[in-house]
Structure formats: C-alpha cells, structure tokens
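A.B. asks: Respectively, the protein sequence lines represent chains Z and B.
First residue of the first sequence? That's 1 in full-length UniProt numbering, and the numbers climb one at a time after it.
First residue of the second sequence? That's 1 in full-length UniProt numbering, and the numbers climb one at a time after it.
Heads up, the beta-carbon is just placed ideally off N, CA and C, and yes, glycines get one too.
Because the structure is a prediction, the values reported are computed rather than measured.
First, the structure itself, so that you have it in front of you.
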Amino acid sequence: MSPLDSIPLFLAIPVAFFVFLGATLTLIGALGFARLNSFYDRLHAPTLATSWGTASVMIASSLMFSFIDGRAIIHEFVIGACIILTTPVTLMMLGRAALMRDRAERSDALPEEMHIRPRPQDPPAQT
Amino acid sequence: MSRLFPHPVLAVSLIFMWLMLTRFSLGYLILGTVLSLVAGWAYSALHSARPRIRRWSTIPRLGVTLFLDIIRSNIATTRLLLTEGRNGRQSAFIQIPLTVTNANALAVLSIIVTATPGTAWVEYQTDTGILIVHIFDGAEAEHYHEVISNIYEPMLMEIFE
Chain Z
1 MSPLDSIPLF LAIPVAFFVF LGATLTLIGA LGFARLNSFY DRLHAPTLAT
51 SWGTASVMIA SSLMFSFIDG RAIIHEFVIG ACIILTTPVT LMMLGRAALM
101 RDRAERSDAL PEEMHIRPRP QDPPAQT
Chain B
1 MSRLFPHPVL AVSLIFMWLM LTRFSLGYLI LGTVLSLVAG WAYSALHSAR
51 PRIRRWSTIP RLGVTLFLDI IRSNIATTRL LLTEGRNGRQ SAFIQIPLTV
101 TNANALAVLS IIVTATPGTA WVEYQTDTGI LIVHIFDGAE AEHYHEVISN
151 IYEPMLMEIF E
C-alpha cells in the first residue's frame, strides 16, 4: 500500500486545494510573464508564483508529510523564507538595470519626470 | 558574551533551522550551536554594525498586515492578469519620499514591496530618500502611496529606529 492511500479525506481535501491553488497561481504568473509587453509589467507576473504560489504548495506539503510521518514537518518553510528573502536582490538588480538603460536612451517606457534622476533638494553644505 | 555571540538572533534562528532540517537531538544541538557560532563570527567580520530592534511587539502586527496584504494583492493581480487586454489597465511609476533611513528597515521594506504582487521596487536614492516603485495597476497609485508611507513606514521606524 502506498503511503498516499492512508491519507483520510479530511486531509486530502485541503492538501489538494492548496496544491491546486499554488499550481494555478504559478501558471497564471507564467502566462502573464509570457503575455505582457513591457519589461516593468513583466516584473509583476512572477511574484504570484513567489508569494502565494510557493506558500500554498508549502502548506500542502507540510500538512501531508506531517500526517504521514506523525510529527510536525516544517522544512518547507525554510524554502519559502529563502525565496522571500532573496527575490528582492535579483528583482532590484533587474529593475535598476532597466531603469538605467531607459534613462540613458530616454525611452518612452518611462514617464517624462523620470528621465532625469531627481536631485537632492538641499545639498549638504560644503565644509 | 557579545564577543562570543555577536548576533544572538541570527545564532538562535540558525540553530533552530539546523535542528528543524536534521533531527532534535543533543548531538545535533551541539553541532548546530558550533556552526551558528562560526556563522555569527563570519557575519560580524562582514557587517560589524548589529541591527538593533527597538520594539519587538510591532513585529507580529507587521507580519499580520503583510500577510493580509499579500493575499489581497494576489487576488487583485490574478484578476488583472486574467482580464489582461480588456480591463484598460495602465501600469505606473510612483515616487514616494521616505523618511526612514535605517539600512535594515529599508531592507525589510524592499522585501515587503517585492513579496506583494503588483508592486516592484525599482530604485531608492540614498541622497534624496525617494523610493521609486512600479505598480501594476496605475489606478491604485493613491492606495499604494498611502499603504507604504502611512502603514509600513511608521511600523518599520517603530521597530528599527
């Protein structure tokens, strides 16, 4: 008998729900990533996968394996923490690179007021 | 004590993570403690300034707010992505002047902005304190401006400053 057969219905329903929700959000994020036109819009679509997409697969996995092993299994949340803590690094790098390129090219992707980098309003006094 | 454990929070969370990934037993506890000590020394050689948390009690409130916000914006962004091309959505850049200058608070803010679908951190300028955020739904500009500067920023200043 596979361990999956021993899962009772009351647990199988939430596990299936969370797996389905996570997979659907990730799919929608991926589709959006493929369909959107501008670079900055595309930054947003994958965040569906990195936020609730990951979280709900994690919850499902934790529920199921905690039940099978008979003890609390929360390894998954380390993955979640690492994803949440590291995405800003890559996202910021991509965003700033795009912004720098668009400023240099005076691209139409940027609104007028963003073509120049804002200056400090009151520069510190020279001593 | 502070020479031995330069970063107590980091050390405790590393020990906890180590035990969670292996198994709760004395041997693993000792090994994990040694590892987290070495990691703490290595980290303090890189960053001598220790992040100071002034008010721990605000952290759960920040967590709950962020959790609810992530759910809400997941729903909003999914709806916009599914109706893409028919809803007349316009993305926009918003510029938010920040008063918070603490590097740790800004790091947490960048995690908040990135983890919430619909907002992407584009640039922060240390000299002007202006944060540029790209938002997926331009119609919500007022809302995001409000949320970042009136909800998250005061909470982060309470925690770190």
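I'd like to know whether the C-beta atoms of residue 77 of chain B and residue 136 of chain B end up nearer to each other than 8 angstroms.
C.D. replies: Contact: yes.
A.B. asks: Between the stretch 123–141 of chain B and chain Z, which residues of the former have CB atoms less than 8 angstroms from a CB of the latter, in chain order?
C.D. replies: Cβ contacts with chain Z: 123, 125, 127, 128, 130, 132, 134 and 136.
A.B. asks: Taking CB distances under 8 angstroms as the criterion, tell me whether residue 126 of chain Z reaches chain B.
C.D. replies: A caution first: residue 126 of chain Z carries a pLDDT of 45, below 50, which makes its placement in the model unreliable, though a value can still be read off. Not one chain B Cβ lies under 8 angstroms of residue 126 of chain Z.
A.B. asks: Mind listing which residues of the stretch 4–38 of chain B have their C-beta closer than 8 angstroms to chain Z's C-betas, in chain order?
C.D. replies: Flagged, chain order: 17, 20 and 21.
A.B. asks: Along the alpha helix (DSSP H) that carries residue 154 of chain B, what are the first and last residues, could you check?
C.D. replies: 153–160 is the span of the alpha helix (DSSP H), which, as asked, contains residue 154 of chain B.
A.B. asks: Drop a sphere of 10 angstroms on the beta-carbon of residue 164 of chain B, count the other beta-carbons inside from all chains shown, and report buried for 16 or more, exposed for fewer.
C.D. replies: Beyond the ends of chain B as shown, which are 1 and 161, falls residue 164 of chain B; an answer cannot be given.
A.B. asks: Would residue 19 of chain Z count as contacting chain B if we go by Cβ distances under 8 angstroms?
C.D. replies: Not one chain B Cβ lies under 8 angstroms of residue 19 of chain Z.
A.B. asks: Within the 8 angstroms Cβ cut-off, does residue 94 of chain B reach chain Z?
C.D. replies: No, residue 94 of chain B lies away from the interface with chain Z (no Cβ there is under 8 angstroms from its Cβ).
A.B. asks: Do three or more CB pairs link the stretch 133–152 of chain B to the stretch 101–117 of chain Z at distances below 8 angstroms?
C.D. replies: Segments in contact, no.
A.B. asks: Name the residues in the stretch 78–89 of chain B whose C-beta lies less than 7 angstroms from a C-beta of chain Z; which are they?
C.D. replies: Answer in chain order: 78, 81, 82 and 84.
A.B. asks: With a CB to CB cut of under 7 angstroms and the five nearest residues on each side skipped, what residues in its chain are close to residue 108 of chain B?
C.D. replies: Cβ neighbours of residue 108 of chain B beyond the five flanking positions: 156.
A.B. asks: To the nearest angstrom, how far is it from the Cα of residue 62 of chain B to the Cα of residue 2 of chain Z?
C.D. replies: Answer to the nearest angstrom: the Cα atoms are 42 angstroms apart.
A.B. asks: Out of curiosity, what's the CA-to-CA distance linking residue 128 of chain B and residue 154 of chain B?
C.D. replies: If you take the alpha carbons of residue 128 of chain B and residue 154 of chain B, they lie about 19 angstroms apart.
A.B. asks: Establish whether the CB of residue 118 of chain B and some CB of chain Z are separated by less than 8 angstroms.
C.D. replies: Yes, because at least one Cβ of chain Z sits closer than 8 angstroms to the Cβ of residue 118 of chain B.
A.B. asks: In the DSSP assignment, find the alpha helix (DSSP H) that holds residue 18 of chain B and state where it starts and stops.
C.D. replies: Counting along the chain, the alpha helix (DSSP H) containing residue 18 of chain B begins and ends at 8–21.
A.B. asks: Find the nearest neighbour of residue 77 of chain Z within the set B/13, B/116 and B/159, judged by alpha-carbon distance.
C.D. replies: Selected option, being the one with the closest Cα: B/13.
A.B. asks: Check the DSSP bridge columns for residue 93 of chain B and list the partner residues they point to.
C.D. replies: The partner list for residue 93 of chain B (beta bridge, DSSP) reads B/134.
A.B. asks: Going by other Cβ atoms of all chains shown within 10 Å of its Cβ, with 16 needed for buried, is residue 38 of chain B buried or exposed?
C.D. replies: Residue 38 of chain B should be labelled exposed.
A.B. asks: Quick one: does residue 114 of chain B have its CB under 8 angstroms from some CB of chain Z?
C.D. replies: With 8 angstroms as the cut-off, residue 114 of chain B counts as an interface residue toward chain Z.
A.B. asks: Can you list the residues of chain B that residue 80 of chain Z reaches, using a CB-CB cut of under 8 angstroms?
C.D. replies: Going along chain B, no residue has its Cβ under 8 angstroms from residue 80 of chain Z, so there is no contact; the nearest lies around 10 angstroms.
A.B. asks: Report the three-state DSSP secondary structure of residue 120 of chain B (helix, strand or coil).
C.D. replies: If DSSP states are grouped into helix, strand and coil, residue 120 of chain B belongs with the strands.
A.B. asks: With 16 other CB atoms within 10 Å as the buried threshold, where does residue 123 of chain B fall?
C.D. replies: Buried, by the Cβ-count rule.
A.B. asks: Output the boundary residues of the alpha helix (DSSP H) element that contains residue 41 of chain B.
C.D. replies: From DSSP, the alpha helix (DSSP H) with residue 41 of chain B extends over 26–46.
A.B. asks: What residue from Z/99, Z/101, Z/72 and Z/98 has the CA that sits closest to residue 24 of chain B's CA?
C.D. replies: The residue with the shortest Cα to Cα distance from residue 24 of chain B is Z/72.
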